[in-house]
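Data block below; observations after.
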Amino acid sequence: MKILVVGSGSREHAMGYYLKRGAPSSWRLYFLPGNSGTRELGEAVPLDPLDADRVAAWAAEEGVDLAWVGGEEPLLKGLVDGLKARGIAAFGPPQKAALLEGSKIFAKTFMARHGLPTAPFRVAQSYEEALSLLRHFPQGVAVKADGLARGKGVAVAEEAGEALPYLQAFLREGVLGEAGRRVVLEERLKGREVSLHGLLFPEGSFLLPLARDHKRLLDGDEGPNTGGMGAVAPVEEELLPLLRRTIWDPLLEALRDEGLYYTGTLYVGLMITDDGPKILEFNVRLGDPEAQVLLPLVREPWWEIMAYAREGKVPPRLSFRPGVRVGVVVARRGYPQGRPENPMPFPMEKLMAYPGLTLHPARELSHRGDRWEAGGGRLLTVTACGKDVEEARRQVYRALEEAFQDGDDIHYRRDIGRGSL
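Just remember that my numbering sits 26 ahead of the position in the sequence shown, which is counted from 1.
This is how it looks when you write it as structure tokens:
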């Protein structure tokens, strides 16, 4: 069997790493485009993942059996549609369902039509319209760009006046381009966030353990939003029955009603408020870095799960290993505001020497000859498993503190997993 993993980040390395574990020797893995870490797991395919037609044509010519798409952008470009048109199975949604992530307006109106619990909202298409709508949010407002903005499209204001600079930037200055031409204004929610992931199959679904990711750059959830600086799972396991009843089952029914149900991963970002769980957003793929801590918790082999997906069948069971997994993202200093001009040496060998760690390199971490070099952005996710969150944290942070010095051009949060359970 031939499986294509689409993407180049730490998440896609984790997808390949756990697919490879225990897989039959006849199985072949391809990564499009992959990164330096995935070269040890399979063959790199030097194509643009956003060129859906070319990728689908290559996959058909190569005889790929299934594609597992890591990121949202190829999904919104119709990659799954192109693959299926050529008879290739995919673990991911078609373009129309990918709009659940690709358009905040599409997602919010979908939730409203089906009575799914979410914050009250309004849609604005101009700066002047947004100003007139702010009166509906006296307790604070979240401003969300309609399209994909790589973590830069959401701003939360405790009072209406604080939202004005963001509305100006999105709607007048066009700093996000087409993604920010329309915005959602929604009531600011207070509570604690969790990430609910599930696997969808034609005749059934499975919920994964709840995870918590840390989007802010700095300790204490301060600083700008990022793609994610760390994650821990499982968290708040006692919530799962409530979330299945009030969120998951009604959501799947709504997807089927509108012809949006698909085979793949669905990720629901939730705020647990005093009034119950509320949906913040949908992602139609695994989170990054949540994937790096969720995938190893699944007891059944991932190659076997994907074999069922390829046949259009639901696996007979999904069970989970005991323990807690913590993942910490290592980034180049300056992320996410900018990127350095020059690469720097990276002590990958030091980290590889620590037993109990699993390392998931991203695209910006390159292996040249006998040395590793760091570019800009997020470089690596370092994960460990412990009998509890503190044991897992100790393993990760002991290695990071010994591998890096305070003056290094590297940044990571020191509080991932603290207080998460």
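Every residue gets a Cβ at the ideal spot worked out from N, C-alpha and C, and that includes glycine.
In its chain, beyond the 5 residues on either side, E213, R214 have a beta carbon closer than 7 Å to the beta carbon of Q165.
Excluding its 5 nearest sequence neighbours in each direction, G118 has C-beta neighbours in its own chain below 6 Å: V95, L101, V106, G290, listed in chain order. Rounded to the nearest angstrom, the gap between the Cα atoms of F430 and L243 is 18 Å.
One Cα belongs to K170, the other to F308, and the distance between them is close to 13 Å.
Apart from sequence neighbours up to five positions away, the residues of its chain that approach G113 with a beta-carbon distance below 8 Å are A86, ordered along the chain. Here T252 carries a coil assignment [DSSP, helix/strand/coil].
Listed in chain order, the non-local C-beta contacts of A115 below 6 Å within the same chain comprise L92, R336, local neighbours out to five positions each way being set aside.
Taking the C-beta atoms as reference points, Y192 is found no nearer than 8 Å to A205.
Inter-residue distance for E66 and E188 is about 48 Å (C-alpha atoms, whole angstroms).
For a cut-off of 8 Å, the C-beta gap from P303 to L142 is around 10 Å, too long to register as a contact. Short of 7 Å from the beta carbon of H393, and not among the five residues preceding or following it, lie these beta carbons of its own chain, in chain order: S62.
Beta bridge pairing from DSSP links W94 with V31, F117. Per DSSP, the unbroken beta strand (DSSP E) holding Y56 starts and ends at 54 to 59. For N309, DSSP records a beta bridge to Y293. Secondary structure at R208: coil, using DSSP grouped into helix, strand and coil. Apart from sequence neighbours up to five positions away, the residues of its chain that approach P327 with a beta-carbon distance below 6 Å are G48, ordered along the chain.
By the CB criterion at 8 Å, G89 and K28 fall inside the cutoff.
The bridge partners DSSP lists for M370 are A400. Between the C-alpha atoms of G254 and R404 there is a straight-line separation of about 9 Å.
In the DSSP secondary-structure assignment, D239 is bridged to A257. One thing to note: W84 has its Cβ within 8 Å of the Cβ of V71. If you draw a straight line from the Cα of V408 to the Cα of H386, it is about 7 Å long. L197 sits close to S152, with the two beta carbons spaced by under 8 Å.
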